[in-house]
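Inspection log for the structure reproduced underneath, given as C-alpha cells.
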Amino acid sequence: MSTGPLFYHSSGINDKIAFSPDGNWLATGNDLWDMRDPSAEPIFLGLSISVQECNMKTLAFSPDGNWLAGSDDNNACLWDVRDPSSATPPLVLRGHQDNITTLAFSPDSNWLATGSDDNTARLWNISDPYTYLVDPPKPIVLKGHESFIATLAFSPDGKWLATGSWDSTARLWNMPNTSVEPIVLRGNENIDYPVSIYALAFSPDGNWLATGSDTARLWDMRNPSTQPIVLQHDGIIDTLAFSPDGNWLAAGSGNIFTDTMLKIGTASLWDMRNPSAEPIVLKGHDDYITILAFSLDGNWLATGSDDATARLWDISDPSAQPIVLKGHEGPITTPCLQPGWKLAGNGERRHYCTPVGQAQSIRTAHCTEGTRKRYRHPCLQPRWKLAGNR
C-alpha cells in the first residue's frame, strides 16, 4: 500500500476530527481543510480569544453544515463555516463549571448539547446563534446526574437527548420540553464495581438506544421504561456504532489479563435482526479499541486502538482478515469514514492516507513542535482513504 502523511495541523494535540456533512471540509484542531483540494493550505479558524481557550479536542459539524462546534475546556466554540475563508471569530458559549467532554448537534441544527465534568449537560439554542453576540440567552441546564457526563446523543427524530454518565445511568430528556423529568435508564449498577456509561448510540430508525458500560444494552425507545436486552460482551465498552442500514451494532472494548498484563482489544458485531444471538467477535488488536465507525455505505467497519493501528473489517465477510493500517506512534482516537476516504486523527498532529482496498503500512513524517510548517506526501486521490492518530 502506498501511503503517507497528508498534512500537519497547527493547533496542538487533537483527538477529534470531523468531516462536514457534504464531505467538502475536514476540521482538525483549529484548521479547516478543503477536501476538494487537500494539498492547499488549510484555513486557520479565527480566534477572538486565546488559543488555549479554544484548543479543540472534541469537534462536530451541524447537520446543515453551517456550523462547527468544538471544545477543550469549559467553553464551547461555535464557528460559522458557511464562508470559511472569512475567518470569522468563533462565538463562545460559556457556562459550564468544568471541562466539556462531549457535544452534539440536534438533527435540525437548532440545538447544541454539551456534556461536562460538572455533572450537567447544557442545551444551547442556536437557531439564531448571533444573538450570543448581543444578548446571550441562557442555556437550558440539565441536572440530575451524580457524576461526570461521558457521552450524549440526539435521537434521529430529535425528540430525545440521551446522556450517559459515570454515575452508571443514562437519562432520556424530552425535547424540547426538558422540564419534564427525564427517564432514567438503569441496569449496570454492579454493587462491587459500578461501571460508567461510556457510549451511546441510537439506531438510524430511532427505535433502539444502545448503551455501553460493562456490556451493551438495547433499550426499546417505543417503550424505554421496559427492561433492556442485555448483549453479552467481554470487556468494558468504550465505543458503539450502528451501521447506516441499522442491521448491525458494533461495540469496541478491551481487557487486561492480570496474570500476564496482556492487553487485548475486541469488537463485537450483533445482527439487529436477531440481537439476542451470539455476536461476531472481531479479534486482532493488542490494546483497547477506543473508537469505531461504519462507512456510509455500510460495507466497512473501521476500528482504532491504543495499539497504534487501525483495522478495516469487511462487513460482508467479518471472519476474513482485516486490512491493518500501521505506522502511528500513539493511540488512534478518531477514524472518520467518508465515501472514498478513510481518516483517523492523532495527537502527533499527523494524518495519513491510504488507497481504498490496499494496505500494509503507513509511512511516518517527523513533525516539529510549535511550528505551522506542514509535512506533505502526494498521496491524496479521490479513491483514497486517510488515517491519523493521537
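Numbers 1479 to 1868, taken from the working numbering, label the letters of the sequence shown in order.
Yeah, the Cβ is synthetic: ideal placement off N, Cα and C, and Gly gets one too.
Quick caveat: nothing in here was measured; it's all calculated off a predicted structure.
In whole angstroms, what is the alpha-carbon distance linking Trp1778 and Leu1727?
Rounded to whole angstroms, Trp1778 to Leu1727 spans 13 Å at the Cα level.
Beta-bridge partners of Gly1593, as assigned by DSSP:
Answer by DSSP bridge pairing, in chain order: Thr1580, Ala1599.
Looking at Leu1650: is its Cβ nearer than 8 Å to the Cβ of Pro1660?
Using a Cβ distance threshold of 8 Å, Leu1650 and Pro1660 count as a contacting pair.
Report back the beta-carbon spacing between Trp1557 and Leu1523 to the nearest angstrom; my notes put them in contact at under 8 Å.
The beta-carbon separation of Trp1557 and Leu1523, rounded to 5 Å, stays under the 8 Å limit for a contact.
Given a cut-off of 8 Å on the beta-carbon distance, is the pair Val1619 and Thr1598 in contact?
It is a contact, given that the beta carbons lie within the stated cut-off.
Around the C-beta of Thr1846, are 16 or more other C-beta atoms found within 10 angstroms, so that it is buried, or is it exposed?
Here Thr1846 scores only 28 on pLDDT, less than 50, and its place in the model should not be relied on; the value that follows carries that caveat. With fewer than 16 other Cβ atoms within 10 Å, it is exposed.
Is Arg1789 near Pro1800, with beta carbons less than 8 Å apart?
Cβ distance < 8 Å, so Arg1789 and Pro1800 count as in contact.
Distance check for Leu1546 and Ser1540, CA to CA, integer angstroms please.
Across the structure, Ser1540 and Leu1546 are spaced so that their CA atoms are roughly 6 Å apart.
CA-CA distance, Ser1517 and Trp1511?
Each residue's alpha carbon lies about 9 Å from the other.
Terminal residues of the alpha helix (DSSP H) in which Thr1609 lies:
Under the DSSP assignment, Thr1609 falls in the alpha helix (DSSP H) whose first and last residues are 1609-1612.
From Ile1769 to Ala1677, what distance separates their C-alpha atoms?
Cα-Cα distance, rounded: 10 Å.
Got a sec, what are the start and stop residues for the beta strand (DSSP E) Lys1637 sits in?
Where Lys1637 is concerned, there is no enclosing beta strand (DSSP E), given that its DSSP letter is neither H nor E.
In whole angstroms, what separates the C-alpha of Tyr1830 from that of Asn1701?
Because Tyr1830 sits at a pLDDT of 46, beneath the cut-off of 50, its placement in the model cannot be relied upon, and the following sentence gives the value as read from the coordinates. Put simply, the backbone Cα of Tyr1830 is about 44 Å away from that of Asn1701.
Return the bridge partner residues of Asn1652 from the DSSP annotation.
As computed with DSSP, Asn1652 is found in a beta bridge with Trp1638.
Can you tell me whether Ser1517 is helix, strand or coil according to DSSP?
In this structure, Ser1517 counts as coil in the three-state DSSP scheme.
Is DSSP giving Thr1794 helix, strand or coil here?
Rather than Thr, the amino acid found at residue 1794 in this sequence is Ser. In the structure shown, Ser1794 adopts coil according to DSSP, grouped into three states.
Do you know whose CA, among Ala1628, Gly1543, Thr1744, Tyr1608, lies nearest Leu1571's CA?
It is Tyr1608 whose Cα lies nearest to the Cα of Leu1571.
Residue ranges of each beta strand (DSSP E) run of no fewer than 3 residues wholly in the segment 1749-1780, ordered along the chain?
List check, beta strand (DSSP E) in window: 1758-1763, 1767-1772.
Can you give the Cα-Cα distance for Asn1652 and Leu1581, rounded to whole angstroms?
Asn1652 and Leu1581: Cα-Cα distance of roughly 17 Å.
Specify the secondary structure class of Ser1420 as computed by DSSP and reduced to three states.
This structure leaves residue 1420 out entirely; the chain is present only between 1479 and 1868.
For Phe1497, list the residues DSSP reports as bridge partners.
Answer by DSSP bridge pairing, in chain order: Leu1504.
Could you check the C-alpha separation between Ser1594 and Glu1519 for me, to the nearest Å?
Computed Cα separation, rounded: 33 Å.
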